[in-house]
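Protein chains in written order, with the working numbering: chain A, 221 to 497; chain B, 221 to 497; chain C, 221 to 497; chain D, 48 to 286; chain E, 48 to 286; chain F, 48 to 286.
Each residue gets a CB set at the ideal place from its N, CA and C atoms; glycine is no exception.
Take a look at the structure:
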């Protein structure tokens, strides 16, 4: 049983009823409109030992992403591409339902969905992360640490990972004879597009954006969609033990596509400010 | 506690009494004679992504073995021999007593007994699996997947592994300068003999061949013997919490030696048919 | 919960009271004085398959340490030094509170404290364990097996490890062209000093040396100090759920410094005898 | 880059753009499991088995108001080109969750409080679309086990290759194509229970692909139903 | 070997021999945890959170006469120069124990029999002295959670570099120096709850270093108390 | 290939074909264990300890009609030529099972329902025949713990080297020889409780080897009994 499931038990059906009644009137528990996001704060570059980092507050949800760039050996089937690894850790500190130990299925899904948002949008030009094709490439570790959980980890982590990657700088490696060595020249992550994740929750017959912890505890299903800078859908993940009608999905995609643009501006602005300072 | 032990608990002593009474009259629950095997069906080559494969039905027991041949580095103490690895997985689907997770002691014993039947009969000419002695050899993975458990896994898995190996074909590797590369030429597994596993169960004072699930649940002890094509005993494994008298062991060896010949014919025939098609 | 903690539960406070009353009169349960060690017996070299070994009896506590010297690759930040690894296993046989499985926190602490006693006293000249700087060095495994637990594992294991290292002999490796190969010439471990671990336990307001099992079960805190041959403090570790006053610590250091000399003589004598035979 | 669609609009294996690979299904093939199903879909060979409703172990996992649904998707080491370690990979753990959440909406879990229902899926040979084939087989195995459901669940993937929307990607199309979009649904309840996508799609492309997937689910549903009927008849004959 | 102290008796980062790196503390920064604290100490960035007293899981671990104290010290993969595997290392396991034993003497565990108190420490960025910074933050988090304590626990490391006793080693001083000596204490109770040392010290050197550590603990204690006061005032304002 | 038998029919270590290596046994050597035994057999140095009958943990493992027998065979990292990882290997797991099944028939488990009896075997130094030496020691440890048994269990291996049947293979004979055949039995009950074999044997060869093994078990049995008697006398003297 995952943490998400355990949480379900603790929220009684009365609470769900109250939330649905509010949604019927267009009201959420914290006063937001159905498609409003909570306040999004980004602190970029705080971890100077990482090549890139970003802490994101999305309401009470707090996540920190650090990026490390190492040298590695490419996978045999992609000899001329770098390596990208997303790893997530929801700390036991972050929620009373988390326990120490290896990542559970929720956390693995989180890492993999964020990974696909980055990978399938072709955010990073992976061919530019090859140094010596077939032998040495840059290996990019995107490590996610979730510090406080209050819903919508998918989006918060995605924003932090994207911002961290956009500000990642690392030592350029050069080929010297047979060996690959790190030079003192710095290079930036070769970013091609800015993927933005938008998550919808379905509660009863209502759909809302950016669910908080209580909303997630009573929701039926979740839909996470990621859009690139050209506003194309690049990755989708339905979650939760419920379902969507095809019409709900199409409608939510339209809403998400608009919202993605807004969020992309916020990320761009934060990155710009971080680069200035 | 192993799955086998847990099963014991669920079969009450009354059931054991009934079975022993039947055996005293030379009758088994499914009508077989004491030294009869259940119907043995072999489907060879179904998994085309493997280099060799065989599915075996032994009564209701169903097992599938796939063989993969890779390139590997030889062990330091056998630099001029290939590598053979037998790995078994009794799926949680296969029995109400199995659970997901790493192999338990029963499954490890199964893999190791099948491994020794193949290895100690010298079925495979391991020296022919060396490519560049001390550096590169063929590494043969024999992966066992047990789909449905109704007793006598040792024999069923052994037959499937042997049939899969006898029909295994893989890309020949050649030494080019300093490197070893796969060529397009196919080679067959260098088979020298056909080991056949015969398993006896002791229930009370009776001994029977090819125990089914219920017989295994009430048995005192098990004796698995493997014979090569010259009918020499190549491997033995006593199992179970009971014992045999020396006389029982000698008598069972004689019975098993005869039965092994019969089963060897069935395997040979199935392999011949598979190679034809 | 660690084994140490579980043990606490089984010793009632009455027992603690009795022990403290005894200590007030300068008496310990086994009649020792407060700074007396139990009988220390060392059997050196019993495991001929190891490069060095020592079994230590400290009262009823029995530990065995085996040293193996292999060839290995140095750590990137110490390219011209050998590798030292201390690994401890408190066998399930050794105490009713131990269970099979990976080392718990107590056992990890034991290994790491013994490791630091050796490493921080610079007992071994690590630079002499380099063969080909940056490429090949000697890798020294110090494996601890605890056979019977009756308190003060830290000291018993430390003495066994030190004695095993002092009598370790291994095949000298030589560089031949590009390769490193083992020669038939033997070399000894390059020992520079003899670290001696002295452990104090605090029970109520009393402090004693070399606590036995019962004393450890009721103690408040533990202080392990290691001294080199020049009688300098090289490593310290406070343990246990209680505390020391600064004055207690300074006083214990003085007592321990004296006791370390005594124990060092015992170890030296045992090593001398072992080398003779 | 391989050309995946030729000038006659035919795919590498000769299929038309909206054509599915051959599908074969059979239920009730295992003796121990309470329900089971086997599916061949292209080169996919997948077996699904169900145990339950049964006592929940460990007990503290039991839910007071419904059955606990467990699901494990696992691939045999020999099921893929490169031998796979038998330990579950992160991909297998994610798929186990996603598949459970695709099946869960169909099952009347609240009829069996405090019990567990276990679904085990073993991929014996893997090809493109193994997750939707797994869902289709697992749903049939649930039905074969007699577990009450609101509707069957059935899946089909669609995708984009060489710039075109096509149905049911094979291994090579999945690897070399642009987009994979697996869908599962309860066909009689207008309910989508699984939706994933990988790779860029315009708004119109998504619409077209999504519709195609839902249509093809219907087609797979007929095969699934036929297999269940045959299984039911076989059982009746036995009894 | 780098020179760690220059001719003016100044250290690599310009500090005097007995000078600490800058320390910043804040409590109550997490919503879920019952108590929390954040500390920046040099380049250390550490967060500590506390849950409890709460029900003890599994139950057979509960103690009849006091609360069970659990403590986990963990480093984020990006917290150090070389990426660290997220699995706890042996070092992290030892430190978790040592830190628990440094905090345990201060907590009135016997007031909460059969419950558990959990302390989680996450090192987001690591520098020299992370264990004493962790203890200082964790003790503040315990206080923030309202858990009754005899005294706060506060820590500071001292060491020996270039032959001299100095306070509060930074990363490079720890690596290249001769001795590291972390100490934690309850400053109002004259009680040392953590003491470790690595590297050779004469009798007189130890005395001097130990005294310096205890003095500096006092200094850190003032910072800790101020952070708690600010946290308390902020909470009162909210309420 | 080394020559394992010389022209005088003597083996590498000078033994005759049917001669055993020296065996030394001692019981009651551990303080904590309820029973213990130490055996030296050739270069084998093995210690066996027994706890129980004791409460069964976890409780759901307890058997209603007899004691649960647990057995762990483990090798110290330094016990073999190449350092062994401390984690149990597949070989150690198989041997733990095989040894448990060799001892189980002798123990009156039904006298202690719902309890557990634990046997721990640690190989401090390994040589050929470590499993039969382990069984012999473990059986003595069970007796030393006062656990009621129908008979002692005693083991001996035989084998085939250079084409000849010999008793008690040493390390090198095991490695370079053709066949290893370990046997354990209850000597007074005509019962074989362990039988394994590796390598080709004709019908007549097996008969001869098997008989030799059973004969040599008798010889080992006398050593085992003597050790138990000495242990008993020592205990009586103490008391």
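Neighbour flag for residue i against chain B, beta carbons, 8 Å
| i | result |
| --- | --- |
| residue 55 (chain D) | no |
| residue 274 (chain D) | no |
| residue 101 (chain F) | no |
Neighbour flag for residue i against chain A, beta carbons, 8 Å
| i | result |
| --- | --- |
| residue 263 (chain D) | no |
| residue 211 (chain D) | no |
| residue 125 (chain D) | no |
| residue 197 (chain D) | no |
| residue 254 (chain D) | yes |
Distance, residue j Cα to residue i Cα
| i | j | result |
| --- | --- | --- |
| residue 132 (chain F) | residue 255 (chain F) | 38 Å |
| residue 68 (chain D) | residue 62 (chain D) | 8 Å |
| residue 327 (chain A) | residue 130 (chain D) | 26 Å |
| residue 282 (chain B) | residue 376 (chain B) | 8 Å |
| residue 126 (chain F) | residue 180 (chain F) | 15 Å |
| residue 150 (chain F) | residue 98 (chain F) | 15 Å |
| residue 232 (chain E) | residue 305 (chain A) | 42 Å |
| residue 260 (chain A) | residue 276 (chain A) | 7 Å |
| residue 344 (chain A) | residue 275 (chain D) | 47 Å |
| residue 368 (chain B) | residue 386 (chain B) | 24 Å |
| residue 212 (chain D) | residue 245 (chain D) | 13 Å |
8 Å Cβ cutoff, residue i in contact with chain C
| i | result |
| --- | --- |
| residue 167 (chain F) | yes |
| residue 267 (chain E) | no |
| residue 36 (chain F) | Chain F is shown only over 48 to 286; residue 36 (chain F) falls outside these bounds and no answer can be derived. |
| residue 91 (chain F) | no |
| residue 257 (chain E) | yes |
Outcome for residue i when other beta-carbon atoms lying within 10 angstroms are tallied against a minimum of 16
| i | result |
| --- | --- |
| residue 104 (chain E) | exposed |
| residue 107 (chain E) | exposed |
| residue 492 (chain B) | exposed |
| residue 269 (chain C) | buried |
| residue 316 (chain B) | buried |
C-beta neighbour in chain E for residue i, strict 8 Å
| i | result |
| --- | --- |
| residue 390 (chain A) | no |
| residue 409 (chain C) | no |
| residue 480 (chain C) | no |
Residue-chain proximity (residue i, chain D), Cβ-Cβ < 8 Å
| i | result |
| --- | --- |
| residue 236 (chain A) | no |
Neighbour flag for residue i against chain F, beta carbons, 8 Å
| i | result |
| --- | --- |
| residue 329 (chain B) | yes |
Members of the stretch 254-287 of chain C that neighbour chain F once the beta carbon cut-off is set at 8 Å: Shown in chain order are the members of the stretch 254-287 of chain C whose Cβ falls below 8 Å from a Cβ of chain F: 266, 267, 268, 269, 270, 273, 280, 282, 284, 286, 287.
Selection of the stretch 128-162 of chain D by Cβ proximity to chain B, strictly under 7 Å: The residues in question are 128, 130, 133.
Near-chain I residues of the stretch 299-327 of chain C - C-beta to any C-beta below 7 Å: Within the model displayed, chain I is absent; protein chains A, B, C, D, E and F are what it includes.
Entirely enclosed beta strand (DSSP E) segments - the stretch 166-247 of chain F, minimum 3 residues: Counting whole runs of 3 or more residues, the stretch 166-247 of chain F contains the beta strand (DSSP E) stretches 201-208, 211-214, 226-233.
Residues of the stretch 364-393 of chain C whose Cβ lies closer than 8 Å to any Cβ of chain F, in chain order: So the close ones are 365, 367, 368, 369, 370.
Contact list for the stretch 235-250 of chain D against chain A, Cβ threshold 9 Å: Within the stretch 235-250 of chain D, the residues whose Cβ lies closer than 9 Å to any Cβ of chain A are, in chain order, 236, 237, 238, 239, 240, 241, 242, 243, 244, 245, 246, 247, 248, 249, 250.
Residues of the stretch 69-87 of chain D whose Cβ lies closer than 9 Å to any Cβ of chain B, in chain order: Within the stretch 69-87 of chain D, the residues whose Cβ lies closer than 9 Å to some Cβ of chain B are 76, 77, 78, 79, 80, 81, 83, listed in chain order.
Whole alpha helix (DSSP H) elements within the stretch 416-461 of chain B, 4-residue minimum: Here the runs fully enclosed are 433-438.
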